[in-house]
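I have placed the structure first, in the form of structure tokens, so that the comments after it can refer back to it.
In UniProt numbering, the protein residues as written are 1 to 114.
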């Protein structure tokens with residue numbers, strides 16, 4: 001569950017930031033994104049969030065973000081508002097276990113050395 005939750009939250013933060021940066025972003029997107037950021041800040045006990053998604057993912061895993069129902073629901077709310085079509089299609093229903101070098105999303109590039 002930890003990997004699923006971490007990826008959900010990181011994906012929602014990225015989607016909320018991208019959608020919120022557009023002039024056409026709705027108040028619902030902006031509110032959902034603000035709520036998610038607030039929950040993540042509370043969970044990590046600091047105001048600034050890491051810019052690097054990998055670093056942020058590691059921090060979220062370390063604090064067991066999957067145990068925080070409020071943050072998980074806030075992440076789902078961001079995705080519902082920012083990408084309703086993707087949410088309805090099940091785009092964000094991903095299960096990853098016992099894996100290395102996993103990327104979730106569209107248009108990714110990855111170089112791995114194990």
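Ideal Cβ placement from N, Cα and C applies to all residues, glycine included.
By Cβ distance below 6 Å, which residues in the same chain neighbour residue i in space, the five residues on each side in sequence not counted?
i, result
"residue 77", "32"
"residue 81", "28, 29, 32"
"residue 53", "10"
"residue 8", "75"
"residue 89", "Its pLDDT being 48, under 50, residue 89 is placed unreliably by the model, and nothing is read from it."
Along the chain, where does the alpha helix (DSSP H) containing residue i start, and where does it finish?
i, result
"residue 28", "27–44"
"residue 56", "53–62"
Check residue i in the structure and name its three-state DSSP category.
i, result
"residue 70", "helix"
"residue 89", "Because residue 89 sits at a pLDDT of 48, beneath the cut-off of 50, its placement in the model cannot be relied upon, and the following sentence gives the value as read from the coordinates. Looking at residue 89 - three-state DSSP - the assignment turns out to be coil, as it is neither helix nor strand."
"residue 47", "coil"
"residue 109", "coil"
"residue 5", "helix"
"residue 21", "coil"
Less than 7 Å between C-beta atoms, sequence neighbours within five positions excluded: which residues of the same chain meet that for residue i?
i, result
"residue 15", "78, 79, 82, 83"
"residue 50", "56, 59"
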